[in-house]
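The sequence shown lines up with residues 1181 to 1488 when you count with the working numbering.
Where is the CB? At the ideal position from N, CA and C, for every residue including glycine.
Input: a single structure, listed below in structure tokens.
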Amino acid sequence: MLQFRGRLRSVLGMGGGLVPRAVWLGAALLLWPAPGEAAQSLYEWIATAPVVAAGTVEHDDGKFLSVRLDRVFRGDPEPGSLVRVDLRRANREREEWREALRLDEGTRHLWLLRREEDRRGEGPPAFALVRGVEGTRELPAEGDAPWLEAVDRLVAIQALHDEFGAWKAFRGMLEETNPLLLETALDLFVKFRRGDPGLLPLLLPLFDHPRPGLRARCARLVGQIAESEPSAAALEASGMLPVLYGAARRDPSPEVREAATGAIGAVRGRGSEEVLAEIAREDPEQAVRYEAERILFDRRRIQGSSDP
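Put into structure tokens, the structure is as follows:
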């Protein structure tokens, strides 16, 4: 937590004085630390970069990458610009446990960049990688349109500088067909615990989505919503309860069944005990059986401690 507050002050350029609550909340939304870089949503990944662009590696001279930017989502380089990206610096400053970054010529990537002082004063402008070796992601050779659309939308949301407007936009993203936007919205709702019963009708159709990871995210969010007392009736009224039970029992993905089983742990009554017992006996995956057994054990322990 102390490290997080230090990062906030650094990014906001503020010392120890009072900071308006809205500013703190907006910065927290962008910077709250994930368990690891891989856990960050696409929205959080791009949040602190002055320049967000897509471009192709044209040449590697051992220190700088020559990159032709064809899309610029945020920042001042013009599309079509040739820039130099300081690869040596990113590799030199990386944590020991991270692999060195090596990119092949001709590959196309998303880039998180900031302008770097260039003492040479000649040639294309120099940029450093924001997030170091984690500051670039390779785009698929075919089918990159969802990535470009998602980054464009997320940059536009960040430009609002409005927390209320951002969460309204994330809610709307739950009705999108772009899986990257869907996954990003689900990740943010789960991470910041912003789920509410009003989301349930939007989540129902996502349990039929072809991506197992997306279905698992839905189950986790439903589990958070189920933790609140007023949501019990909403789960039944929306038709979510049988869908959640069905995902826990029959989804072909163990990841989804485990997430849905965990979500059932927040559901009291309404057949949840029987469903958990069935899963603990019959699921073919040990991790899923264990999740059901753990929930049942915790329930019995709590019940036992409350008995006179």
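Kindly list the residues whose CB is nearer than 6 Å to the CB of residue i, restricted to its own chain and excluding five residues on each side of it in sequence; keep chain order.
i	result
Thr1236	Arg1248 and Arg1288
Glu1276	none
Glu1258	none
Ser1452	Ile1444
Ala1325	none
Val1252	Ala1233 and Pro1259
Glu1363	Leu1394
Can you tell me whether DSSP reads residue i as helix, strand or coil?
i	result
Ala1218	Confidence in Ala1218 is poor, its pLDDT being 40 and thus under 50, which makes the residue's placement unreliable; the coordinate value appears in the next sentence. Here Ala1218 sits in helix by DSSP.
Asp1463	coil
Trp1277	coil
Gly1451	coil
Val1370	helix
Arg1311	coil
Ala1399	helix
Glu1329	helix
Is it right to say residue i is buried, meaning 16 or more other beta carbons lie within 10 angstroms of its own, or is it exposed?
i	result
Asp1431	buried
Thr1316	buried
Leu1205	Unreliable positioning characterises Leu1205 in this predicted model, as indicated by a pLDDT of 40, which lies under 50. The coordinate reading is nonetheless provided below. It counts as exposed.
Thr1441	buried
Ser1408	exposed
Ile1226	buried
Would you tell me roughly how many angstroms separate the C-alpha atoms of residue i and residue j, rounded to the nearest one?
i	j	result
Glu1471	Pro1385	25 Å
Asp1241	Arg1268	10 Å
Arg1474	Val1331	39 Å
Glu1462	Val1402	23 Å
Arg1429	Val1423	10 Å
Arg1391	Leu1366	13 Å
Starting from the Cα of residue i, find the closest Cα among the options and give me that residue.
i	options	result
Arg1295	Asp1284, Glu1438, Gly1255 and Phe1307	Phe1307
Glu1318	Arg1480, Val1335, Asp1463 and Leu1292	Leu1292
Pro1377	Leu1366, Ala1339, Lys1348 and Ala1417	Ala1417
Gln1338	Ala1460, Gly1449 and Val1232	Val1232
Ala1446	Arg1400, Ala1467 and Ala1427	Arg1400
Pro1359	Glu1343, Leu1394 and Leu1380	Leu1394
Glu1131	Cys1398, Phe1344, Val1313 and Ala1336	Past the edges of the chain, shown from 1181 to 1488, lies residue 1131, and the structure says nothing about it.
Pro1304	Leu1262, Leu1328 and Asp1266	Leu1262
Val1436	Arg1450, Val1468 and Trp1347	Val1468
Suppose the cutoff is 7 Å on Cβ atoms and the five residues either side in sequence are ignored; what does the same chain contact list for residue i look like?
i	result
Gln1404	Val1370, Arg1373 and Gly1375
Between residue i and chain B, is the shortest Cβ-Cβ distance under 8 Å, so that the two count as touching?
i	result
Gly1449	The structure shown contains no chain B; it holds only a single protein chain.
Excluding the 5 residues preceding and the 5 following residue i in the sequence, name in chain order all residues of the same chain whose CB lies nearer than 8 Å to its CB.
i	result
Gly1345	Ile1337
Ala1270	Leu1281, Ala1308, Leu1309, Gly1312, Val1313 and Gly1315
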